[in-house]
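Numbers in my numbering are just positions in the sequence shown, counted from 1, shifted up by 1.
I have placed the structure first, in the form of structure tokens, so that the comments after it can refer back to it.
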Amino acid sequence: MDSKYTIQDIADMAKVSKSTVSRYLNQGYISQEKMDKIKEVIQETGFQSNFFAKRLKMKQSKLIGIILPRMDSVTVGKLLEGVNRILEPEGYQGLILVSDLKKQKEICNISNLQQQGVDGIIIDSLGITRGHLQLLKTFDIPVVFTGQQHTAVHYVKIDDEGAGRLMGSYVRQKGHHHVVFAGVTNMDRAVGIERKQGFIDAFMENHPKAKVDFVKTGFSFESAYASGSEILAFKPTAVICATDNIGLGVLRYLHEQKIKVPQEISVAGFGGYAVGVVSYPALTTVAFDYELVGMKTAQGLLDLIAGKKMESQSNLPLSFIERESVCGRQRDGMDKDRI
């Protein structure tokens, strides 16, 4: 029995990729053909017993806890893709818990994962509270937050305030004076405060006639659609939505009310979801690279597990995508030609 075999050696002998061997060892899905090849090589080399013995010796579970606010989200899917791209080749497996958009449940999930012996935890957080910080003081495993930031924790997130400012400047330059910002409550600091405030600050800068009304929605398409009548009651020329999902709900409501977008009301969102391209009209948006967020978050956590330093980030790249859902307004408030 040769104790010096590596995962790469097993992959080369079985003529499969290193990540395929990792999935086999962590009981992930691979084809029966590849499973048989890897099993044969492992039996010949005695690798598997050495692999798990090494885990016990190093006191590592090779499990990473991942806490998500919800599962039915485009952003969550992209985030997980990025996380998996980093964890899988290193032989780590994710253990996912969902907080259902509840902060207290998020805290309970953190505690549960720590008790299950994971090597580290990634938290796509709703907001970092005193309860989070008090719990983490008792931990001896690394934790990295994404989506939210705090000076007392490690985090990776997009620049929500900067994204809001991009959109605010654009809508102001288009000549709009009165808009509705459709979004979530302040419970979510990144989306409910930073993104909204960035928009308001840029939109109202050197713009004495500017007015922004706020309509509370949830994150879902359905909640945004249900808020349609409240949004229209303010008679805005543009509706700026805290996420593309909210934007799609608003677009649907306006379509059913036979209100032309963008000729009568312009609509824009944040996120850069692919579905925004095929909506009618296509949705103007600030796009975020959630897969990159996931990759940087996972790599940061692995660095901490290895005893290395991690620098928190809140300035990942943004891109403004102008599509057909926004048009300009003349200074007297009348429509300009659609652009």
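Beta carbons: idealized from backbone N, C-alpha and C, even for Gly.
Query	Result
Burial state of lysine 210, where buried means 16 or more other Cβ atoms lie within 10 Å	exposed
Residues bridged to glycine 270 [DSSP beta-bridge criterion]	Thr286
Exposure of arginine 131, with buried meaning 16 or more beta-carbon neighbours within 10 Å	exposed
Inter-stretch contact (C-beta, 8 Å, three-pair minimum) for the stretch 300-316 and the stretch 252-272	no
Contact set for glycine 199: own chain, Cβ-Cβ below 6 Å, skip 5 residues either direction	Glu162, Gly165 and Arg166
Under the three-state DSSP convention, the category aspartate 333 falls into	Its pLDDT being 43, under 50, aspartate 333 is placed unreliably in this model, and the coordinates cannot settle the point.
Beta carbon of lysine 158 nearer than 9 Å to that of valine 185	no
Alpha-carbon spacing of serine 224 relative to methionine 296, whole angstroms	31 Å
Runs of beta strand (DSSP E) wholly within the stretch 108-163 (minimum 3 residues, chain order)	121-125, 144-147 and 155-159
For serine 326, the residue or residues it bridges with in DSSP	Its beta-bridge partners do not exist; DSSP assigns none.
Beta-carbon spacing of asparagine 85, glycine 95 below 9 Å	yes
Glutamine 9 to glycine 176 span [Cα, whole Å]	59 Å
Neighbourhood of isoleucine 201 by C-beta distance below 6 Å, restricted to the same chain and skipping five residues each side	Val213
Contact set for isoleucine 124: own chain, Cβ-Cβ below 6 Å, skip 5 residues either direction	Ile68 and Phe146
Residue range of the unbroken beta strand (DSSP E) whose run includes valine 180	179-184
Closer than 8 Å: methionine 188 CB and nearest the ligand HEM heavy atom	With respect to the ligand HEM, the structure offers nothing, as it holds no ligand at all.
Alpha carbon of serine 112 to alpha carbon of threonine 152, nearest angstrom	21 Å
Which residues DSSP lists as bridging glycine 368, in chain order	In this structure the chain extends from 2 to 340, so residue 368 is not present and cannot be described.
Rounded distance between the beta-carbons of tyrosine 226 and glycine 193, thought under 8 Å	Contact flag wrong, Cβ pair sits at about 19 Å.
Contact belief for glutamate 82 with glutamate 292 at Cβ below 8 Å, rounded distance in angstroms	5 Å
Straight-line Cα distance separating lysine 261 from arginine 332	Low confidence applies to arginine 332: its pLDDT is 47, below 50, so where it sits in the model is not reliable, and the reading given next is rough at best. Rounded to whole angstroms, arginine 332 to lysine 261 spans 20 Å at the Cα level.
Under 9 Å between C-beta atoms of glycine 272 and arginine 324	no
Simplified DSSP assignment, three categories, for leucine 57	Here leucine 57 scores only 49 on pLDDT, less than 50, and its place in the model is too uncertain to base an answer on.
Every unbroken alpha helix (DSSP H) inside the stretch 196-284 [4 residues or more]	197-205, 222-227, 229-234, 245-257 and 276-279
CB contact flag (leucine 127, lysine 103, <9 Å)	yes
Candidates His208, Met168 and His179, of which the one nearest lysine 197 by Cα	Met168
From Leu64, Phe235 and Lys16, residue whose alpha carbon lies closest to that of isoleucine 43	Lys16
C-alpha gap between glutamate 206 and phenylalanine 222, whole angstroms	31 Å
Start-to-end residues for the alpha helix (DSSP H) that takes in leucine 303	291-306
Start-to-end residues for the beta strand (DSSP E) that takes in leucine 102	Where leucine 102 is concerned, there is no enclosing beta strand (DSSP E), given that its DSSP letter is neither H nor E.
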